[in-house]
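First residue of the sequence shown? That's 0 in numbering that gives the first Met the number 0, and the numbers climb one at a time after it.
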Amino acid sequence: MLNLESLRIQYITDGKGKKSAAVIPIEEFYKLLEDLDDLAVAAERRDEPAISHEQVVDELKADGLLPD
Numbered sequence: 000m001l002n003l004e005s006l007r008i009q010y011i012t013d014g015k016g017k018k019s020a021a022v023i024p025i026e027e028f029y030k031l032l033e034d035l036d037d038l039a040v041a042a043e044r045r046d047e048p049a050i051s052h053e054q055v056v057d058e059l060k061a062d063g064l065l066p067d
């Protein structure tokens, strides 16, 4: 997850020096979008029952996604 302190934000100000917009590097913008999408997925799935790590591994092996 992107740390807000690490963002390289540049501000656009009006004639009085009041901030009116922010500019960030495009790669940081895409990271923020990815984080936002991850949070939306987590929120949608919060009521799903949790499964154990062992069950996940067993299912991945059964699907051929992990070696036995």
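Glycine residues also receive a C-beta, built at the ideal position from the N, C-alpha and C atoms. Quantities reported herein were computed from a predicted structural model and do not represent experimental measurements.
- Unbroken beta strand (DSSP E) stretches of 3 residues or longer found wholly inside the segment 1-51: 9-12, 18-22, given in chain order.
- Under the Cβ criterion (8 Å, minimum of three pairs), the segment 21-31 counts as touching the segment 5-12.
- A direct Cα-to-Cα measurement between residue 17 and residue 32 gives close to 26 Å.
- Linking residue 52 to residue 41 through their CA atoms gives a straight-line distance of about 18 Å.
- Counting only residues of its own chain and dropping the five nearest sequence neighbours on each side, residue 9 has a CB closer than 8 Å to the CB of 21, 22, 23.
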